[in-house]
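Residue numbers (the numbering used here): 5 to 201.
Heads up, the beta-carbon is just placed ideally off N, CA and C, and yes, glycines get one too.
Since this is a predicted model, take the numbers as computed values, not measurements.
Beneath this line is the structure, given in structure tokens, with notes to follow.
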């Protein structure tokens, strides 16, 4: 393949991407049938999607317990529904389907989108990184290896713009905005590594 895109979720064993600090959060979301005209997605403490083909998605709950897996029975959606009712008119919402699972989030709760840093190369060739070495050029990347991850609970709000940024990066070489570029986390992660004297 010419380009590889990783969307591994909260678990990754393919490459060294520890610097991204991706963790999983258990949650539930619901799809609701409705006639409500809603052309935009919105986010407050929860997300409410645009109405697509008569379905609005509400999500998601957050459970950071060590062993959070629980029955996906719709019960966690009661609080979501109450919150959504303060954002949009939910009078005709009918629960169609409940989804439960782990979603990936980064340390700073912003998405991760861009090329993956070649961590082994950087640590070998810049051994003073854990001591706070400042780089004079961007870190070396693994060619044509991209990541799109860490969208967390705002996944269906962020996904359209992240897709556009990713396409522009791969097709045209456009720069990724700093707030979603995973490079933002690399030096801070390096400084927390043990110093080998």
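### Query
From residue 37 to residue 17, what does the alpha carbon distance come to, in whole angstroms?
By one-based count along the chain shown, residue 37 stands at place 33. By one-based count along the chain shown, residue 17 stands at place 13. So the alpha carbons of these two residues sit roughly 38 Å apart.
### Query
So which of 30, 96, 65 has the shortest CA-CA distance to residue 217?
What the structure shows of the chain is the stretch from 5 to 201, and residue 217 is not part of that stretch, so it cannot be assessed.
### Message
Is residue 82 a contact residue of the ligand FMN, with contact defined as CB to any heavy atom under 7 Å?
### Response
Absence of the ligand FMN is noted for the structure shown, with no ligands found whatsoever.
### Message
Can you check which of these residues, 6, 83, 165, is closest to residue 114 by C-alpha distance?
### Response
Taking the first residue of the chain shown as 1, we reach residue 114 at position 110. The alpha carbon of residue 114 has as its nearest neighbour, out of 6, 83, 165, the alpha carbon of 165.
### Close beta carbons around residue 201, own chain, < 7 Å, minus the five adjacent residues each side
Here residue 201 is taken as the residue at index 197 of the chain shown, counted from 1. Low confidence applies here, because residue 201 scores a pLDDT of 42, under 50, leaving its location unreliable and the question unanswered by this model.
### Message
I need the boundaries of the beta strand (DSSP E) containing residue 33, first residue and last residue.
### Response
Taking the chain shown and counting its residues from 1, one reaches residue 33 at position 29. In the DSSP assignment, residue 33 falls within the beta strand (DSSP E) that extends over 27-37.
### Task
Leaving aside the five residues before and after residue 180 along the sequence, list all residues of the same chain whose C-beta is less than 7 Å from its C-beta, in chain order.
Start at 1 with the first residue of the chain shown, and residue 180 comes out as number 176. Here the set comprises 117, 118, 169, 173.
### Query
In this structure, does DSSP put residue 201 in helix, strand or coil?
Numbered from its first residue, the chain shown carries residue 201 at position 197. With a pLDDT of 42 at residue 201, under the threshold of 50, the modelled position of this residue cannot be trusted, and the question is left open.
#### Entry: Status (buried if at least 16 other CB within 10 Å, exposed otherwise) for residue 108
Counting from one through the chain shown, the residue named residue 108 turns up at place 104. Residue 108 sits buried, since 16 or more C-beta atoms from the chains shown fall within 10 Å of its C-beta.
### Query
Which residue comes first and which comes last in the alpha helix (DSSP H) that contains residue 123?
As a position in the chain shown, residue 123 is number 119, starting the count at 1. Where residue 123 is concerned, the enclosing alpha helix (DSSP H) starts and stops at 123-129.
### Query
Which value, in whole angstroms, describes the spacing of the CA atoms of residue 27 and residue 62?
Looking up residue 27 in the chain shown gives position 23. Looking up residue 62 in the chain shown gives position 58. So the alpha carbons of these two residues sit roughly 22 Å apart.
### Query
How is residue 159 classed by DSSP in three states: helix, strand or coil?
In the chain shown, the residue the question calls residue 159 occupies position 155. Here residue 159 sits in helix by DSSP.
### Query
Count the other CB atoms within 10 Å of the CB of residue 23; is the residue buried (16 or more) or exposed (fewer)?
Translated into positions along the chain shown, residue 23 becomes position 19. With 16 or more Cβ atoms within 10 Å of its Cβ, residue 23 is classed as buried.
### Query
For residue 99, is the classification buried or exposed, using 16 other Cβ atoms within 10 angstroms of its Cβ as the cut-off for buried?
Sequence index remark: in the chain shown, residue 99 carries index 95 (1-based). Looking at its Cβ environment, which holds fewer than 16 other Cβ atoms inside 10 Å, residue 99 is exposed.
### Query
Is the distance from the Cβ of residue 148 to the Cβ of residue 55 below 8 Å?
Here the question's residue 148 lines up with position 144 in the chain shown. Here the question's residue 55 lines up with position 51 in the chain shown. Between residue 148 and residue 55, the CB-CB gap reaches or exceeds 8 Å.
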